[in-house]
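Before any comments, here is the structure.
Residue numbers (my numbering), protein chains in the order written: chain C, 234 to 375; chain W, 88 to 222.
See below:
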């Protein structure tokens, strides 16, 4: 008996849908790229004025931030838990919203991470932040 | 004698539609890339709680090399306020969001004037931060 001859067919992968697959892959990666997590903290900082009224300045609490500490009216805190508690205590004694403005000054080498931590504590204590920048003046030498 | 008019079948060639669509897509991707800042390297500061940020009209980045970028384009601090103001235009309050992506080790000398400039331009600041991981 003679066995039937096996037919060797050339098998090619279907290439008709390659374009559609490429297109779908492209859309997939575009969607992945556009969903970067952008989350953070909103902060309202009023534009600083060139000069503050001396009477108002004295009523506001001043916080001085350095690379490792935060000071309330000159008293430094290394640990920010008691800092927040003390600030909340001081702000609670101020009923008017304009008195709850906390003037934040920073040393030049204060890191952004430290500044974010401290300002977060101020806001958690019920304060509104305003910045006081050091002025740089250029004096022309004769 | 009536001469029969010859009629031609006119069809729109649709063979190249896929290629045209693909090229258009590439074109828009490149266009979008011009305002993208995903190629800039920076590490966010951490905070206990974060809220999702909505659409921002402007994004400011200070990268690991202390360079300042506005919407992906390198810029200087001197004209930042005017450029942000231009981007914000007459947008209503609540629609004037400016995202700040500042590298965590950037010093106050660098980032405070940036915050001041955004504030002067009437922008509503959103610091882009990373949520602290609880142990």
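Even for Gly, the Cβ is constructed at its ideal location relative to N, Cα and C.
Next on the checklist: Can you pull out the residues from the segment 250-261 of chain C whose beta carbon lies closer than 9 Å to at least one beta carbon of chain W?
Outcome noted: For the segment 250-261 of chain C, the set of residues with a beta-carbon nearer than 9 Å to any beta-carbon of chain W comprises 252, 253, 255, 256, 259 and 260, in chain order.
Item to check | Span separating the alpha-carbon of residue 333(C) from that of residue 314(C) | outcome: Computed Cα separation, rounded: 19 Å.
Checklist entry - With a cut-off of 9 Å, does the C-beta of residue 277(C) fall near any C-beta of chain W? => result For residue 277(C), the answer is yes, since a Cβ of chain W falls inside 9 Å of its Cβ.
Item to check | Helix, strand or coil at residue 216(W) [DSSP, three-state] | outcome: When DSSP states are grouped into helix, strand and coil, residue 216(W) belongs to the coil group.
Item to check | Cβ of residue 196(W) within 9 Å of any chain C Cβ | outcome: True, the Cβ-Cβ gap to chain C drops below 9 Å.
Checklist entry - residue 139(W) to residue 272(C), Cα distance in whole Å? => result Looking at the two C-alpha atoms, the distance is approximately 4 Å.
Checklist entry - From which residue to which residue does the beta strand (DSSP E) around residue 295(C) run? => result Its beta strand (DSSP E) spans residues 294-298.
Checklist entry - Run through DSSP, which three-state label would residue 307(C) get? => result Coil.
Next on the checklist: Just to check my reading of the structure: residue 129(W) and residue 97(W) have Cβ atoms closer than 8 Å, yes? What is that Cβ distance to the nearest angstrom?
Outcome noted: Incorrect: roughly 57 Å between the Cβ atoms, too far for contact.
Checklist entry - Roughly how many whole angstroms lie between the Cα atoms of residue 167(W) and residue 251(C)? => result Approximately 47 Å between the Cα atoms of the pair.
Next on the checklist: Taking the alpha carbon of residue 215(W) as the reference point, which residue from 110(W), 146(W) and 194(W) has its own alpha carbon closest?
Outcome noted: When the alpha-carbon of residue 215(W) is set against those of 110(W), 146(W) and 194(W), the nearest one is in 146(W).
Item to check | Cβ-based burial, residue 143(W) [other Cβ within 10 Å; buried from 16] | outcome: By the 16-neighbour rule on beta-carbons within 10 angstroms, residue 143(W) is buried.
Checklist entry - With a cut-off of 9 Å, does the C-beta of residue 182(C) fall near any C-beta of chain W? => result Since the first and last residues shown for chain C are 234 and 375, residue 182(C) lies out of range.
Checklist entry - Alpha carbon to alpha carbon, how far is residue 344(C) from residue 206(W)? => result The alpha-carbon atoms of residue 344(C) and residue 206(W) are separated by roughly 20 Å.
Checklist entry - Considering residue 345(C), what are the terminal residues of the alpha helix (DSSP H) in which it resides? => result Per DSSP, residue 345(C) belongs to the alpha helix (DSSP H) from 345-357.
Checklist entry - residue 349(C) CB to nearest chain W CB: under 9 Å? => result True, the Cβ-Cβ gap to chain W drops below 9 Å.
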